[in-house]
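Heads up, the sequence shown is in numbering that gives the first Met the number 0, so the first residue is 0 and it goes up one at a time.
To start, the structure itself, in structure tokens.
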Amino acid sequence: MGDTKSRIISFYRDFAMKTGFTARTTFSLYNYMFDPQQLCFLIDCLQETETVKGCCVEAGCAWGYTTAFLRKWMDARGIKKDYIALDTFSGFLASDTEHEIKYRSKPERLNNLFSTNKKTWFDYSLKLANVTSVNSIQTDVAQFDFDKLGPISFCLLDVDLYLPIKKCLPNIYRNLSPGGIIIVDDCKHENIWDGAMQAYQEFMAGIGAPQRIECGKLGVIIKTREPAQDLAPAARGSSLEPPAGPHTIPPVERQQRQHIQSIMVNYSLTR
Ligand SMILES: C[S@@+](CC[C@H](N)C(=O)[O-])C[C@H]1O[C@@H](n2cnc3c(N)ncnc32)[C@H](O)[C@@H]1O
């Protein structure tokens, strides 16, 4: 039986190599959508937010490569926070790609990207990788109620297009704990995903914070201001928010946030 199985696998791999059919999924050794330096930066962010209250969110998780990498690192380090992975698991929304194609001159092929996916495949892949502590949710991030997750300490926002990023960023930021970090992927000018850059820039202008792009495409957002000054007045007074007031942040948290800021500055200087 073992022999038959290995002969079938061997035949299949030769077939894939010769014809190119499924060659990438069969042979690819690097499926991450981030290069090693970018992955290290994401780890640095997780480490810097380790003591910040809240869960970790990956908004746009696709097939789970980065999810598995980050969650495994958290497990190895003994970080027990919840990890929430959000995706449509069927690619982009038609209304979002329509906006890119019609108003942002992007190609029609956007409609097909990431569409071959299923939540059940994502869950199964993580299980095979021995990653058991990820909560996957099938949703449109633009409609998702981030308030129900409670505080967020770290979020990788990786849904590529202008509209969903524009819509969900304020909702994520509202629930970001002081000292928390959001990374918006694909913040790079003049490429197929530059809607991410536009949404990031508009958001940073809206909160009056300087833009910060790391490792060529990672837009950094750190919540350093008083909760009472942040976006989304609707959230103030909700049970998720600390009581509003000018001096509600304890000195230790202030120091922690200054520390995070100096680490991030050092990061860009040393890499
Ligand atoms: C670049 S991939 C994510 C890659 C993943 N973070 C990784 O590192 O492997 C973008 C994902 O965003 C998802 N997506 C796009 N628009 C979305 C939306 N409005 N709501 C939820 N997910 C969305 C797509 O289905 C796709 O899987």
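Every residue gets a Cβ at the ideal spot worked out from N, C-alpha and C, and that includes glycine.
Local conformation of residue i per DSSP, three classes
i      : result
Pro249 : Only weak support exists for where Pro249 lies, its pLDDT of 37 falling under 50; the coordinates are left without a value.
Gln142 : coil
Asn134 : strand
Ser94  : helix
Ala61  : coil
Pro150 : coil
Glu107 : helix
Pro177 : strand
Glu99  : helix
Cys54  : strand
Ile42  : helix
Leu156 : strand
Ile7   : helix
Glu47  : helix
Nearest-angstrom beta carbon gap, residue j and residue i [assumed within contact, 8 angstroms]
i      : j      : result
Gly194 : Arg103 : 6 angstroms
Leu85  : Ile136 : 5 angstroms
Lys216 : Asp184 : 6 angstroms
Leu125 : Thr66  : 7 angstroms
Glu99  : Leu160 : 6 angstroms
Ile212 : Cys186 : 5 angstroms
Asn170 : Phe145 : 4 angstroms
Cys54  : Ile83  : 6 angstroms
Gly59  : Val130 : Actually they do not touch by this definition, with Cβ atoms about 17 angstroms apart.
Limits of the unbroken alpha helix (DSSP H) element including residue i
i      : result
Ala84  : No alpha helix (DSSP H) contains Ala84, which is instead part of the beta strand (DSSP E) from Tyr82 to Asp86.
Pro169 : Tyr161 to Asn174
Gln200 : Asp193 to Ile206
Ala22  : Ala22 to Phe26
Leu112 : Element bounds for Leu112: n/a, residue is neither H nor E.
Phe121 : Lys118 to Leu127
Residue burial classification, residue i (beta-carbon count within 10 angstroms, cutoff 16)
i      : result
Ile181 : buried
Leu156 : buried
Pro232 : Interpretation of Pro232 is limited by its pLDDT of 39, a score under 50 that renders its predicted location unreliable; no figure is taken from the coordinates.
Arg108 : exposed
Pro209 : exposed
Pro242 : For Pro242, the predicted structure reports a pLDDT of 33, less than 50, and the residue's modelled location is therefore unreliable. The matter cannot be settled from this model.
Ile8   : exposed
Asn174 : buried
Pro35  : exposed
Ala93  : exposed
Ser132 : exposed
Lys4   : exposed
Phe10  : exposed
Trp62  : buried
Tyr29  : exposed
Tyr123 : exposed
Segment limits, beta strand (DSSP E) that includes residue i
i      : result
Ile221 : Leu217 to Ile221
Chain C within 8 angstroms of residue i, Cβ atoms only
i     : result
Lys71 : Annotation note: the requested chain C is absent from the structure, which comprises a single protein chain.
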